[in-house]
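Participant:
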Amino acid sequence: MKILKFPLLNWLIANGVAVYFLFKQGALDWYFSGWLGVLGILVALESVSWVTTSLFYFYKHKTSPNPSVRATHLITNGPYRLSRNPMYLAFTSMSLALALLTHSPYFLVSGLVFWLVTDLYTIPQEENFLAKSFKAEWDSYHKQTRRWL
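The opening position of the sequence shown corresponds to residue 228 in this note's numbering, with each subsequent residue numbered one higher.
(1) Relative to the C-alpha of LEU309, which residue among ARG374, SER337, THR345 is closest?
(2) Quick test of your reading: ASN242 and VAL344, contact by CB under 8 Å. State the CB separation rounded to the nearest angstrom.
(3) Does the stretch 251-263 come close enough to the stretch 300-314 to have 3 or more Cβ pairs within less than 8 Å?
(4) Please classify GLY261 as buried or exposed, where buried requires at least 16 neighbouring CB atoms within 10 angstroms.
(5) Apart from the five residues just before and just after TRP257, which ones in its own chain have a Cβ nearer than 7 Å to its Cβ?
(6) What are the complete alpha helix (DSSP H) segments, minimum 4 residues, inside the stretch 292-347?
(7) Considering only the alpha carbon of each residue, which of PRO292, GLY264, LYS287 lies closest to PHE233?
(8) Please identify the residue among VAL265, PHE334, VAL278, ASN355 whose C-alpha is closest to the C-alpha of TYR316.
(9) Once you ignore the five residues that flank LYS362 on each side, which residues in its own chain have a CB closer than 7 Å to its CB?
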(Lines of atoms letter the chains of each structure in order from A and count residues from 1; the text may use other names and numbers.)
(Lines give C-alpha, C1' and ligand atoms only; values in the text may rest on other atoms or scores of the structure.)
Protein backbone atom coordinates (compact mmCIF):
# COMPACT_ATOMS: atom_id res chain seq x y z
CA MET A 1 0.00 0.00 0.00
CA LYS A 2 1.64 3.16 -1.22
CA ILE A 3 -0.16 5.44 1.23
CA LEU A 4 1.80 3.91 4.11
CA LYS A 5 4.99 5.40 2.65
CA PHE A 6 3.88 8.92 3.63
CA PRO A 7 4.17 9.25 7.42
CA LEU A 8 2.77 12.78 7.69
CA LEU A 9 -0.33 11.72 5.76
CA ASN A 10 -0.65 8.61 7.97
CA TRP A 11 -0.44 10.80 11.07
CA LEU A 12 -3.03 13.24 9.72
CA ILE A 13 -5.42 10.39 8.87
CA ALA A 14 -5.01 8.67 12.25
CA ASN A 15 -5.58 11.89 14.17
CA GLY A 16 -8.33 12.95 11.77
CA VAL A 17 -10.21 9.79 12.72
CA ALA A 18 -9.78 10.70 16.40
CA VAL A 19 -11.09 14.22 15.75
CA TYR A 20 -14.05 12.79 13.82
CA PHE A 21 -15.11 10.48 16.65
CA LEU A 22 -14.66 13.19 19.27
CA PHE A 23 -16.65 15.66 17.16
CA LYS A 24 -19.47 13.13 16.61
CA GLN A 25 -19.70 12.66 20.39
CA GLY A 26 -19.61 16.40 21.04
CA ALA A 27 -16.47 15.82 23.07
CA LEU A 28 -13.87 17.72 21.06
CA ASP A 29 -12.89 20.17 23.78
CA TRP A 30 -9.51 21.61 24.62
CA TYR A 31 -8.60 21.83 28.28
CA PHE A 32 -5.73 23.60 29.90
CA SER A 33 -6.11 22.17 33.35
CA GLY A 34 -3.27 21.93 35.81
CA TRP A 35 -0.40 19.58 35.18
CA LEU A 36 -1.99 17.84 32.21
CA GLY A 37 -2.27 21.16 30.38
CA VAL A 38 1.30 22.15 31.22
CA LEU A 39 2.57 18.72 30.22
CA GLY A 40 0.53 18.83 26.98
CA ILE A 41 2.05 22.20 26.04
CA LEU A 42 5.57 20.99 26.87
CA VAL A 43 5.16 17.81 24.80
CA ALA A 44 3.75 19.85 21.88
CA LEU A 45 6.74 22.23 22.07
CA GLU A 46 9.09 19.24 22.17
CA SER A 47 7.41 17.85 19.05
CA VAL A 48 7.66 21.13 17.18
CA SER A 49 11.33 21.47 18.13
CA TRP A 50 12.11 17.94 16.82
CA VAL A 51 10.45 18.72 13.49
CA THR A 52 11.97 22.19 13.15
CA THR A 53 15.48 21.00 13.96
CA SER A 54 15.15 17.98 11.67
CA LEU A 55 13.97 20.13 8.76
CA PHE A 56 16.89 22.50 9.37
CA TYR A 57 19.33 19.59 9.01
CA PHE A 58 17.64 18.39 5.83
CA TYR A 59 18.05 21.92 4.44
CA LYS A 60 21.63 22.17 5.69
CA HIS A 61 22.61 18.90 3.97
CA LYS A 62 20.61 19.71 0.81
CA THR A 63 18.47 16.58 0.91
CA SER A 64 14.70 16.16 1.02
CA PRO A 65 12.57 15.12 3.99
CA ASN A 66 10.02 13.74 1.52
CA PRO A 67 10.19 9.92 1.75
CA SER A 68 9.27 9.57 -1.93
CA VAL A 69 12.35 11.57 -3.01
CA ARG A 70 15.72 9.81 -3.14
CA ALA A 71 18.00 10.84 -0.27
CA THR A 72 21.29 12.38 -1.35
CA HIS A 73 22.92 12.51 2.08
CA LEU A 74 22.74 10.43 5.26
CA ILE A 75 22.17 12.87 8.12
CA THR A 76 23.85 11.65 11.30
CA ASN A 77 24.22 14.83 13.32
CA GLY A 78 21.83 17.17 15.12
CA PRO A 79 18.67 15.35 16.22
CA TYR A 80 19.72 12.38 14.09
CA ARG A 81 22.53 11.53 16.49
CA LEU A 82 19.88 10.88 19.19
CA SER A 83 17.28 9.10 17.04
CA ARG A 84 17.27 7.71 13.50
CA ASN A 85 13.69 8.97 13.16
CA PRO A 86 13.24 12.23 15.07
CA MET A 87 10.38 13.45 12.86
CA TYR A 88 8.39 10.26 13.40
CA LEU A 89 9.12 10.57 17.10
CA ALA A 90 7.73 14.12 16.95
CA PHE A 91 4.54 13.01 15.20
CA THR A 92 4.00 10.28 17.80
CA SER A 93 4.61 12.62 20.72
CA MET A 94 2.29 15.25 19.20
CA SER A 95 -0.50 12.66 19.43
CA LEU A 96 0.36 12.36 23.12
CA ALA A 97 0.20 16.15 23.46
CA LEU A 98 -3.24 16.18 21.80
CA ALA A 99 -4.41 13.45 24.19
CA LEU A 100 -3.22 15.50 27.18
CA LEU A 101 -4.83 18.71 25.93
CA THR A 102 -8.19 17.08 25.09
CA HIS A 103 -8.20 14.51 27.92
CA SER A 104 -9.07 11.95 25.26
CA PRO A 105 -7.75 8.43 24.79
CA TYR A 106 -8.63 8.64 21.07
CA PHE A 107 -5.39 10.52 20.40
CA LEU A 108 -3.43 7.92 22.36
CA VAL A 109 -4.91 5.25 20.09
CA SER A 110 -4.14 7.30 16.97
CA GLY A 111 -0.55 7.77 18.19
CA LEU A 112 -0.23 4.04 18.78
CA VAL A 113 -1.64 3.24 15.33
CA PHE A 114 0.75 5.75 13.73
CA TRP A 115 3.70 4.30 15.66
CA LEU A 116 2.84 0.73 14.65
CA VAL A 117 2.40 1.54 10.95
CA THR A 118 5.59 3.58 10.94
CA ASP A 119 7.68 1.08 12.91
CA LEU A 120 6.47 -2.03 11.09
CA TYR A 121 6.11 -0.72 7.54
CA THR A 122 7.55 2.72 6.76
CA ILE A 123 10.86 2.64 8.65
CA PRO A 124 12.00 -0.83 7.46
CA GLN A 125 11.51 0.25 3.83
CA GLU A 126 13.46 3.47 4.39
CA GLU A 127 16.22 1.62 6.24
CA ASN A 128 16.60 -0.88 3.42
CA PHE A 129 17.02 1.98 0.95
CA LEU A 130 19.56 3.74 3.22
CA ALA A 131 21.52 0.51 3.75
CA LYS A 132 21.83 0.04 -0.02
CA SER A 133 22.62 3.69 -0.74
CA PHE A 134 25.06 4.51 2.07
CA LYS A 135 26.50 1.05 2.88
CA ALA A 136 29.37 1.51 5.41
CA GLU A 137 28.16 4.86 6.67
CA TRP A 138 24.68 3.42 7.30
CA ASP A 139 26.09 0.32 8.99
CA SER A 140 28.06 2.43 11.46
CA TYR A 141 25.17 4.84 12.07
CA HIS A 142 22.65 2.00 12.44
CA LYS A 143 24.78 0.38 15.14
CA GLN A 144 25.34 3.64 17.07
CA THR A 145 21.89 5.23 17.00
CA ARG A 146 18.57 3.83 18.13
CA ARG A 147 15.54 3.77 15.87
CA TRP A 148 13.36 5.82 18.23
CA LEU A 149 15.18 6.95 21.40
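Just so you know, even glycine gets a beta-carbon here, dropped at the ideal spot from N, CA and C.
It should be emphasised that the depicted structure is a prediction, and the values quoted were computed from it without experimental measurement.
Facilitator: Let me lay it out:
(1) By 1-based counting over the sequence shown, the position of residue 309 is 82. Taking only the C-alpha atoms, the option nearest LEU309 is ARG374.
(2) Here residue 242 refers to the residue found at position 15 of the sequence shown. Here residue 344 refers to the residue found at position 117 of the sequence shown. So it is not a contact: roughly 13 Å between Cβ atoms.
(3) Fewer than three beta-carbon pairs drawn from the stretch 251-263 and the stretch 300-314 are found closer than 8 Å, and the two stretches are therefore not classed as touching.
(4) Walking along the sequence shown from the start, residue 261 turns up at place 34. By the 10 Å Cβ count, GLY261 comes out exposed.
(5) Walking along the sequence shown from the start, residue 257 turns up at place 30. Same-chain partners within the cutoff: LEU328, THR329.
(6) As far as the stretch 292-347 is concerned, its whole alpha helix (DSSP H) runs of at least 4 residues are 313-329, 332-344.
(7) For the purposes of this step, residue 233 is identified with residue 6 of the sequence shown, where counting begins at 1. Across the set PRO292, GLY264, LYS287, the C-alpha of PRO292 shows the shortest separation from the C-alpha of PHE233.
(8) Translated into positions along the sequence shown, residue 316 becomes position 89. Contrary to the premise, residue 316 reads as Leu rather than Tyr in this sequence. Nearest option by C-alpha distance: VAL278.
(9) The residue given as residue 362 occupies position 135 in the sequence shown. Excluding residues within five positions, none has a Cβ falling inside 7 Å.
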